[in-house]
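Every position in the sequence shown, counted from 1, becomes a number in our numbering once 3 is added.
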Amino acid sequence: MNSTAHVLPNNLLVAPYLNNTEYADIILLHWYKFAEPESVYFYLLGACATIIGLSAIAANSLIIIAYISTKSLRSSCNWFTINLAISDIGLSITCCFPMKAVAMFQRKWIWGKVGCDFYGVSGGLFGFASIATLATIAYLRYNTIAQVQTWSNTVTRRKAIFALLAIWLWSATWPMLPYFGLGRWVLEGFLTGCTFDYISNDRSSRVFSLCLFFGGFICPVLLICFSYARIIWLIRASKRHLCQSTPRDGTDTQEIPCKELLSLRAIKTIALLIFTFLVAWGPYACVCILSVFGYQKHLTPWTTELPGLFAKTGALFNPIIYVFRHKRIRKRISRRYPRLQSFLSKQPHPSTLAHMKQNQTPSVRTTSKRSFSDGNLTTHSGTRSSDHSNLELERLRC
């Protein structure tokens, strides 16, 4: 690298590293042709990384504190939410603030090759752990409904421990492959963050990229889609079963507001989870897979830096969607931090709740009581013929 320093202009992106041989192995030749962005862009993205990182750390820390300080929420079924918060905090610390933000403000990577390896392994570990946790929660919820069991009976302590160990083992397998001679970690984008080498055409780098993409990303996404598709199907099947039930006391069947039996809020929450997950990680995954299939020439510092930074917002989406919509968690945080009460005490979709109250009927046998809690549908029916369907719907709640 030193031999070419005298022929390269000073405004190149790689200029700060030309006299340091430590960076020779982690800067690809692909980045030598790009000029260094203006300083204002480094500072702007550094501020974004700081805001995303600190916000995600604070939000997930509140979740962990609320669960630990609430005895009724320490059950094994909630361990996955805590695990999700822990992985999101780890991702935010290693890939947003302070490592990423400091490098942005310095306008170069200051952590050396060892820091690059740590950044890459940690980012992969915590990122895949978050995705794997989401997929595990999705599958366990589907399994609970399919077996018509309570959530606590399905997610026992033994099963929870086994699942958590499997999550971390699965997540650690892929980023650890470079230590076994497959792939490597290199600088990318503005050269202020590290990732796997998805640009080089050698067999080792290509295999490593495909392993990360399919093993760490595609497999959890497929499991999430399968699980929630089955959940929606089971809810619709339960709705049809209840609507077709014949009243035994001659009560008008119109008393049963069947449309409410299908929890639109639950379906919207499911769609939102999948949508935000794909929005956060999808662009960066597309960038990486495009390079693997030979479109490296379309990769610039901007087209790799922005998707990589935006993917970190997933650590902020998760606590908002998964836990801040949890009524008991909101109340616990509101009591512990009164200044947040005005924000957390707002009930989502008040028009839906008011509509439910207006449509409730006093029928004992054919009318179902409905309570929406934590974005899920719980039904309690007075007829024995609909007990099975009611139990299926009730299992959505955790």
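Positions of the beta carbon are idealized from the N, C-alpha and C atoms, including for glycine.
Bounds of the beta strand (DSSP E) holding C197 are 196-199.
Only buried fits V189, as 16 or more other CB atoms lie within 10 angstroms of its CB. Going by C-alpha positions, V290 is about 14 Å away from R209. Residue pairing by DSSP puts V189 in a beta bridge opposite T198. DSSP places L21 outside both helix and strand once states are collapsed to three, so it counts as coil. Taking the Cα of G297 as reference, the smallest distance to any Cα among R206, N321, L57 is reached at R206. Counting C-beta atoms within 10 angstroms of its own C-beta, K36 has fewer than 16 neighbours from the protein chains shown and is therefore classed as exposed.
Taking the C-beta atoms as reference points, A141 is found nearer than 8 Å to Y231. Distance from the CA of A106 to the CA of P341, rounded to the nearest whole angstrom, comes to 36 Å. The residue among A318, S337, K330, T24 with its C-alpha nearest the C-alpha of G56 is A318. Non-local C-beta neighbours of I170 in its own chain, meaning closer than 8 Å and more than five positions away in sequence, comprise N86, A132, A135, T136, T139, ordered along the chain. The beta-bridge partner set that DSSP reports for A38 consists of L15.
Across the structure, L21 and E39 are spaced so that their CA atoms are roughly 13 Å apart.
In this structure, C98 keeps its C-beta atom at 8 Å or more from the C-beta atom of I29. Taking a C-beta distance under 8 Å as the contact criterion, G184 and F129 do not qualify as a contact pair.
For the region 51-126, not one full-length beta strand (DSSP E) segment reaches 3 residues or more.
The alpha-carbon separation between P304 and W173 amounts to approximately 31 Å. The region 112-127 makes no contact with the region 53-71: fewer than 3 CB pairs, one atom from each, lie closer than 8 Å. Restricting attention to S337, A61, G311, the CA atom closest to the CA of E191 is found in G311.
For P181, there is no enclosing alpha helix (DSSP H), as DSSP marks it with neither H nor E. With a beta-carbon spacing of about 6 Å, F199 and F211 fall inside the 8 Å limit used to define contacts. Judged by DSSP in its simplified three-state form, G297 adopts coil rather than helix or strand. Annotation for P178: V124, G127, L128 place their beta carbon closer than 6 Å to its own, counting only its chain and skipping 5 residues before and after. The alpha-carbon separation between L167 and L180 amounts to approximately 21 Å. Setting aside the 5 residues that flank it on each side, E308 is surrounded in the same chain by G192, F193, each with a C-beta closer than 6 Å to its C-beta; the list follows chain order. When secondary structure is reduced to three states using DSSP, H33 falls in the helix class. Taken atom to atom, the span from the alpha-carbon of P19 to that of K111 is near 7 Å. Considering only S241, L226, A61, the residue with the shortest C-alpha distance to A88 is A61. Here the C-alpha atom of L226 lies approximately 18 Å from the C-alpha atom of T84.
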